[in-house]
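So the protein lines, in turn, are chains C and E.
Note that my numbering gives residue 62 to position 62 of the first sequence, counting from 1, and the numbers run on in steps of one.
When you read off a place in the second sequence, starting at 1, and then add 201, the result is the number in my numbering.
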Amino acid sequence: MTGEFNILLAGVGGQGVILMSELLGRAAIADGLRVRGSEVLGMAVRGGSVTSIIRIGDDVHGPLIPRGKCHVLVALEPSEALRDIGYLSKSGLAIVNTTPVVPFTVSLGQRDYPDLARIVETLDSVVSKVITLDAARMAREAGSLLAANIVMLGALFGVELLPIKMATMKQTIEARFPPKVATVNVRAFDLGYQACRQSLQ
Amino acid sequence: MRELTIGSDAPGQRLFALGNEAIARGAIEAGVQVAAAYPGTPSSEILGTLAGVARDFGMYVEWSTNEKVAFEVALGASMCGVRAMASMKHVGVNVAHDPLMTASHIGAVGGLLLVVADDPWAWSSQNEQDSRYIALQAYIPVLEPSSVQEAKDMTADAFRLSEEFGQLFMLRSVTRIGHGRGDIVLGEISRERRQGSFRKDLDRFAYVPRGARMNKPLMLERFERIRKAADTLAYNRLQMVDGAKLGIIACGLSYSYTLEALNWLGLEDRVSILKVGTPHPLPEKLIIRLLNSVEEILVVEELDPFVELHVKAMVGGRNMTVKVHGKDVVPRIGELSTGKVGQAVAGLTGCSLPVDFTGLDRLEQDVAEMLPLRPPALCPGCSHRASFRAITAAAQRVAREYGEGVEPIYPGDIGCYTLALNPPQYAVDTCICMGGGFGLANGMAHVVEAPIIAHLGDSTFFHSGIPPLINAVYNKANVTMIVLDNSATAMTGFQPHPGTGQTAMGEEATVVKAEDIARACGVQFVEVVDPFDLKTATKTIEMAIRFQGPAVVVCRGPCATIELREKRQAGEKILPFYIDRDKCSPKCDACIRLLGCPAIIRQGDGTVIDASLCTGCSLCAQICPHKAILQEQTR
């Protein structure tokens with residue numbers, strides 16, 4: 001694939017951001033695509049912000065998305081959608097899970113948590129389209145609260161812009177988990193995919 | 202088909218790998234027989250990966266007690282003729298510096314590689330330092346990869362080079378290589394396994410003054426041969442463009458950013474590029490060819506102007522007129538990026554970038570103001586939170602007796618517990634280096650009148666806490682030294698250490714206990730407490746602070762993350778706590794104010810415990826003045 005396709009995954013430690021990038025990377029390779037990325041690890045299990053980058057295409061060399069060149073942002077937590085706003089492209093999309101994870105600094109009274117409408121409005125002023133969905137609800141529907149990240153992965157494919165084939169992505173999910181978990185995850189993936197399609201229609 | 206893994210014997214196949222896994226793969230392909238490391242972000246996954254496959258490849262892998270020992274383990278194995286590697290983060294090299302300086306005089310018998318992970322922007326470090334200067338000082342040749350693939354290739358090749366030239370090599374990784382990801386093409390795995398044998402050679406291995414004088418010329422000769430070979434190594438590549446006025450010398454990962462920046466600016470056909478994979482020694486002939494062909498040079502490298510200074514010296518020494526740019530237009534602080542390189546090139550060529558960076562800066566600034574801070578925090582159920590509650594309560598009580606306004610001093614250290622420098626703990630006053638808290642406490646004890654309570658983790662204690670402990674005994678420093686023992690090197694990924702009774706390769710080992718060491722060192726007050734028995738822990742620590750002379754308290758409580766994982770695997774129920782609204786006093790806030798537990802959150806006017814995060818540690822229930830926090834009886 002010529003050119004580049006840049007995906008930014010954002011969330012909070014423990015939400016499964018790194019797993020999403022692993023799955024995307026494996027699927028990209030299975031489809032014969034060139035893939036690069038990076039993340040800052042180390043703080044991930046201690047509730048800090050986590051971002052992971054996946055870049056696909058022959059023109060990709062570096063591990064970081066150049067500012068202003070992110071095609072799709074997937075945020076597993078609403079306020080985390082804003083943290084790397086400078087990377088988003090005007091023609092890009094943002095997919096946001098609406099369930100907040102309120103940091104303890106808010107309880108300590110250091111800052112307020114911004115309301116969802118304001119987050120969406122801010123993103124909307126930068127990208128071409130913001131898609132919001134309740135990944136926690138869909139994960140529960142699929143059979144496990146832990147599958148919210150896979151719901152978001154499904155939603156990422158719902159934008160139908162990815163160079164990775166959807167069938168390859170599902171095969172990668174199926175190969176990565178034991179059968180029971182894989183079934184839940186594929187269901188979660190489909191729910192996220194459909195929700196995103198509906199939101200775009 | 203079997204799933205492809207980092208140990209697969211599948212030359213030519215592509216695998217999606219973390220950079221540190223790719224480095225480990227390179228070591229596997231080279232037939233490395235001994236690998237040692239001390240954990241440190243962003244280097245830990247190298248040894249972690251090797252530990253997982255060591256048995257399959259007849260490799261010996263260990264977590265050493267510190268980086269100096271790790272390097273000595275590798276050096277000792279190399280002396281016996283086998284291929285060996287030590288990996289560490291940049292500041293770990295400071296710890297290993299002593300043997301490193303002499304190791305370069307010895308050279309390599311079996312191929313010897315030091316993998317160093319630099320951390321531009323200090324994402325998880327106490328400083329950003331450029332390890333290439335240490336290599337320069339020690340005459341160690343450096344390989345610096347531009348991608349995850351090259352990190353693997355260079356690692357595999359480094360052992361061949363090390364044996365060909367008889368010299369120790371360094372691989373300089375950076376955060377975005379080690380924690381970068383990419384598709385790598387697997388190579389052949391060497392199955393050669395050598396029987397180690399030590400051939401006595403005092404002239405080469407035993408450094409009395411004569412050894413230094415005899416071996417320095419040999420080291421310089423080796424280095425000279427490597428310098429001459431640098432121009433022919435494939436890692437250095439000159440891509441000349443006819444008529445180019447600007448030449449770019451791009452070192453390591455900067456090469457990737459440079460390619461993207463030139464593409465972004467549409468300048469691929471107008472700029473000559475020298476990709477540098479060996480910043481030390483540099484490919485001088487290639488550099489001179491480039492210098493002779495252009496009017497201006499831009500050196501792009503992360504952190505210090507290492508290549509830049511050498512290039513400037515070359516230009517100056519030859520009275521050339523070509524103008525050399527580097528850190529005048531490329532940041533010296535932090536990581537580089539396509540944007541930063543693009544801005545530098547745009548500035549020199551008069552092109553403009555298609556992105557309004559000033560606008561993006563403004564947007565990011567506006568948004569940052571509305572975002573809640575989300576720093577990493579001690580986990581719910583973390584035993585350090587309990588320890589710090591006991592430490593600060595005891596210390597404040599004693600400090601009051603020293604006089605009005607006297608505050609306890611907390612020399613801190615490096616690990617998860619460094620997070621206690623944040624509110625509400627405020628229990629870390631200094632953080633310098635591994636074991637540094639105990640060392641600083643020794644100095645403070647002789648000059649201030651205040652309780653001094655130094656603390657460090659169990660792994661850090663074994664790493665470098667013992668000499669300053671002995672120092673306190675010997676030199677009569679009146680300090681309290683606390684070992685926050687959660688039986689893990691938790692911050693870097695739960696690696697085992699001498700206190701855990703397990704080796705890197707999963708074998709059982711003798712458990713070394715901090716309290717036994719303290720007693721053996723002559724400390725007269727040594728106690729072990731369970732930090733979740735808050736009352737007893739506080740009382741014991743208070744006694745330790747009042748004790749005249751060095752006192753040691755070991756706060757032993759398991760790492761909550763490990764304990765939770767084990768409980769879940771065993772199917773054990775976790776009974777969370779909840780807040781009884783009728784008993785809770787809305788203005789009290791003691792649980793939030795004193796503990797800062799991520800599981801305790803404000804909801805409307807009240808305070809609630811998030812049952813999905815609560816580990817049932819009971820700390821909040823113990824400190825609640827209204828006895829309003831209770832444990833659920835069923836789940």
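Idealized CB from N, CA, C, for every residue including glycine.
Secondary structure of Q696 of chain E (DSSP, three-state): strand.
For H298 of chain E, the closest C-alpha among the options E:A691, E:L276 and E:A451 is that of E:L276. Beyond the five residues adjoining it in sequence on each side, Q330 of chain E comes within less than 6 Å, by CB distance, of H291 in the same chain, given in chain order. E461 of chain E belongs to the set of residues whose beta carbon lies under 9 Å from a beta carbon in chain C.
Boundaries of the alpha helix (DSSP H) around M280 of chain E: E268 to M280. Secondary structure at F366 of chain E: helix, using DSSP grouped into helix, strand and coil. In the DSSP assignment, N97 of chain C falls within the beta strand (DSSP E) that extends over L88 to N97.
Look at the region 512 to 545 of chain E: the residues with a C-beta under 8 Å from a C-beta of chain C are E536, S538, T539, G540 and G543.
Of all residues in the region 52 to 79 of chain C, only D59, H61, G62, P63, L64, P66, R67, G68 and S79 come within less than 7 Å of chain E when Cβ atoms are compared, listed by chain position. Residues of the region 97 to 108 of chain C with a C-beta atom less than 7 Å from some C-beta of chain E are V102, P103, F104, T105, V106, S107 and L108, listed in chain order. Contacts with chain C (Cβ-Cβ distance below 7 Å) from the region 485 to 507 of chain E involve no residue at all.
For a Cβ distance threshold of 8 Å, residue set H380 and R382 of chain E lies close to E39 of chain C, ordered along the chain. Counting the other CB atoms within 10 Å of its CB gives L670 of chain E a total of 16 or more, which places it among the buried residues.
DSSP places E263 of chain E in the uninterrupted beta strand (DSSP E) bounded by Y261 to W264.
Under the Cβ distance rule, I802 of chain E counts among the residues neighbouring chain C, one pair being separated by less than 9 Å. Taken atom to atom, the span from the alpha-carbon of F406 of chain E to that of L419 of chain E is near 13 Å.
Here V40 of chain C carries a coil assignment [DSSP, helix/strand/coil]. Between L314 of chain E and V262 of chain E, the CB-CB gap reaches or exceeds 9 Å. Excluding its 5 nearest sequence neighbours in each direction, R187 of chain C has C-beta neighbours in its own chain below 7 Å: A142 and G143, listed in chain order.
For F558 of chain E, the chain C residues whose C-beta falls within less than 9 Å of its own C-beta are R67, G68 and G86, listed in chain order. Shown in chain order are the members of the region 215 to 234 of chain E whose Cβ falls below 7 Å from a Cβ of chain C: R215 and F217. The beta carbon of N687 of chain E sits no closer than 9 Å to any beta carbon of chain C. By a beta-carbon distance limit of 8 Å, I498 of chain E does not contact V477 of chain E. Their separation comes to about 12 Å. Rounded to the nearest whole angstrom, the CA to CA distance from V442 of chain E to G551 of chain E is 19 Å.
For the pair R284 of chain E and G308 of chain E, the Cα-to-Cα distance works out to about 13 Å.
If you check the CB distance, L735 of chain E and L831 of chain E do not come in under 9 Å.
With respect to chain E, the C-beta atom of I29 of chain C has a partner C-beta closer than 9 Å. Separation of R36 of chain C and P826 of chain E (C-alpha to C-alpha, rounded to the nearest whole angstrom) is 53 Å. Taking a C-beta distance under 9 Å as the contact criterion, L76 of chain C and N97 of chain C qualify as a contact pair. Under the 9 Å criterion on CB atoms, I793 of chain E is classed as interfacial with respect to chain C.
Apart from sequence neighbours up to five positions away, the residues of its chain that approach T376 of chain E with a beta-carbon distance below 6 Å are P243, D320 and W324, ordered along the chain. Collapsing the DSSP output to three states places C452 of chain E in a strand.
The residue among E:A689, E:C785 and E:P652 with its C-alpha nearest the C-alpha of A752 of chain E is E:P652. If you look at E141 of chain C, you'll find it in the alpha helix (DSSP H) that goes A135 to A142.
The beta carbon of C580 of chain E sits closer than 9 Å to some beta carbon of chain C.
Interface flag for L162 of chain C against chain E is unset, since no Cβ pair is found closer than 9 Å.
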